[in-house]
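Trainee: Residue 239 in my numbering sits at position 230 of the first sequence; the count goes up by one each step and never skips. Ideal Cβ placement from N, Cα and C applies to all residues, glycine included.
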Amino acid sequence: MKDQQTLKEIFSGYVREEAKIFKNKDILTEKHIPEKIPHRQEQINQIGKILAPSINGEKVSNVFIYGSTGTGKSVCVRHVANELENITKNVKILYLNCKMKRVSDTEYRLVAELTRMLGKEIPSTGLPTEEVYKAFYNIINQNKTNIILVLDEIDALVKKIGDDILYTLTRINQELEAKLSIVGISNDISFTDNLDPRVKSSLSEEEIVFQPYDAKQLQDILTERANLAFSEPIDNPVIQKCAALAAQEHGDARRALDLLRIAGELVERDGHKKITTDHVDKAEDKLDLDRIVEVVKYQPKQSQAVLASIIRLVESDNKNIQTGDIFSVYERICASRGLKILTQRRVSDLVAELDMLGVINARVISKGRYGRTREIRLLLNKQVLEKVKRLLKENYLLTDKLFLDVKGG
DNA sequence: CTTCCACAGGAAGGTCTGGCGG
DNA sequence: CCGCCAGACCTTCCTGTGGAAG
């Protein structure tokens, strides 16, 4: 009873505190699609002009949009899409982020998801892919509406499952006399280079580029959103700091918003009221810390073992760490922990994955006579490294005592 | 110039799990 | 129940290669 009382007090105190700082925290997340998008009017108009003919039932051009992360590609497209759907029922917009695990990262899942969006349930597994395509075609034939398919992070899709699927999708129009257009969004500019020329030309009937924001523009964005998200105005230096830090990260607006949001959360937790630039500094640390630790936490055991090997090598002052070194340490860790030892080929892939996740940096280098390999560096600062190590120790993949004498490099 | 290291990374296939429709 | 399917995860086998050493 006493416990409950205390808990209630904690909660109610928290609720009050939250009410004081955030008016609506969602404004600062990706979920939110703002009414006003500063410094993107031109792009929005371009997208609008391209998609407008769909209102009269005409098929619109495929569009390819690129720009680095946090330049507003998705928001702008979604904004236009919302407006479009508000004024006409002739257009159905299917928005899909291709990076979504277990939703759109394979051919089957992607087509299944699209079919579901059009109103037909498809089991998550069990059917032949061909069957799912049939269902998709059928429902398109029935509906006869104009479909605009927005494929966000389309580069991730092609990287994983190839461009065949895009070819199939672009050909639907010929086969079914349907009106399906594709809006592809990518943050990899060189993405189209490796595309099948047919796909490439049909996908980029129109192209729109999003340049990174500069610090000033980021400030405008932050100010705009901060007014909606927080109950009290945010000090200018705080906004400036968020903008400056994000401007260093290729003008990533998402990062700027994250910084502001986390800073707000930190203040909230401390029970204070005013965000200061110190909070922004802390937010920056926390942002990286949380992301990496979270990533590592949900890596499979084998991948963690590989990471443990890399950390071991780094800790024993090895300068140039290469795949072979990692593998030999990895073998020992597995042996001592009773873990199955995978092949070097597989470990090489796990290393590549860790690289993609931003935990390490793996660069292919040639050492001439002494072979071609990957040179690996850890990308963790001291704070993050400590947390990751603790995590790996909990999983018995790292121990405190050194049990290795690694050959010098 | 050629040689050759220590891998990279593609291709194909195996094994297992979870789920389908009949 | 069966036979089949997709997908995760892994192995086996393989060809390709940048550049220092000879």
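1. Just to confirm the assignment: which complete alpha helix (DSSP H) runs, minimum length 4, are found wholly within the stretch 31-114?
2. Assuming Glu419 is part of the alpha helix (DSSP H), what are its boundary residues?
3. Does the contact criterion of 3 or more C-beta pairs under 8 Å hold for the stretch 111-121 versus the stretch 168-179?
4. Out of Asn155, Lys17, Thr97, Ile248, state which residue places its alpha-carbon closest to the alpha-carbon of Lys68.
5. Identify every run of the alpha helix (DSSP H) within the stretch 192-229, keeping only runs that are complete inside it and at least 4 residues long; order them along the chain.
6. If we call anything under 8 Å between Cβ atoms a contact, is Val159 one with Ile217?
7. Tell me whether Thr352 sits in a helix, a strand or coil according to DSSP, three-state version.
8. With 16 other CB atoms within 10 Å as the buried threshold, where does Lys283 fall?
9. Does the beta-carbon of Tyr307 have 16 or more other beta-carbons within 10 angstroms, so that it is buried, or is it exposed?
10. In the structure shown, what three-state DSSP assignment does Glu139 receive?
11. I'd like the list of long-range same chain contacts for Asp358, defined as Cβ closer than 6 Å, with 5 residues on each side in sequence excluded.
12. Just checking my contact of Phe239 with Ile46 at CB under 8 Å: how many whole Å lie between their CB atoms?
13. Could you check where the beta strand (DSSP E) with Asn370 kicks off and where it finishes?
14. So, for Thr78: in the same chain, excluding its five sequence neighbours on each side, which residues have a beta-carbon less than 6 Å away from its beta-carbon?
15. Which class does Gln183 belong to by DSSP, given the choice of helix, strand or coil?
16. Can you grab the Cα-Cα spacing for the pair Val89 / Asn390, in whole Å?
17. Give a yes or no on whether the C-beta atoms belonging to Ile181 and Ile149 are separated by under 8 Å.
18. If distances are taken between C-alpha atoms only, which option among Ser63, Asp334, Ser70, Thr124 comes closest to Ser210?
Mentor: Let's see:
1. If we require 4 residues or more, the alpha helix (DSSP H) runs fully inside the stretch 31-114 come out as 50-60, 82-96.
2. The chain is shown from 10 up to 418; residue 419 falls before or after that span and cannot be answered.
3. With three or more CB-CB distances shorter than 8 Å, the stretch 111-121 counts as touching the stretch 168-179.
4. Stepping through the first sequence from its first residue, residue 68 is reached at position 59. Looking at the Cα atoms, Asn155 is the closest of the given residues.
5. Taken in chain order, the whole alpha helix (DSSP H) runs of length 4 or more contained in the stretch 192-229 are 206-212.
6. Counted from its first residue, the first sequence places residue 159 at position 150. Counted from its first residue, the first sequence places residue 217 at position 208. Note that the C-beta distance between Val159 and Ile217 is not below 8 Å.
7. As a first step, residue 352 is located in the first sequence; it is residue number 343 there, counting from the start. Correct three-state label for Thr352: coil.
8. Walking along the first sequence from the start, residue 283 turns up at place 274. Flag for Lys283 reads exposed.
9. Position 298 of the first sequence, counting from 1, holds the residue named residue 307. It counts as exposed.
10. Here residue 139 refers to the residue found at position 130 when the first sequence is read from its first residue. Helix, per DSSP.
11. Translated into the one-based positions of the first sequence, residue 358 becomes position 349. The answer is none, since no qualifying residue turns up.
12. Looking up residue 239 in the first sequence gives position 230. Looking up residue 46 in the first sequence gives position 37. Not quite, the Cβ-Cβ distance comes to about 19 Å (not below 8 Å), so this is no contact.
13. Taking the first residue of the first sequence as position 1, residue 370 is located at position 361. Annotation: the continuous beta strand (DSSP E) that includes Asn370 extends over 369-375.
14. On the first sequence, residue 78 is found 69 positions in, with the first residue counted as 1. Hits under 6 Å: Asn196, Asp261.
15. Here the question's residue 183 lines up with position 174 in the first sequence. Helix at Gln183.
16. In the first sequence, counting from the first residue as 1, residue 89 sits at position 80. In the first sequence, counting from the first residue as 1, residue 390 sits at position 381. Per the coordinates, the alpha-carbon of Val89 lies some 40 Å from the alpha-carbon of Asn390.
17. Looking up residue 181 in the first sequence gives position 172. Looking up residue 149 in the first sequence gives position 140. Closer than 8 Å, so yes.
18. The count along the first sequence starts at 1 and reaches residue 210 at position 201. Of the listed residues, the one whose Cα sits closest to Ser210 is Ser70.
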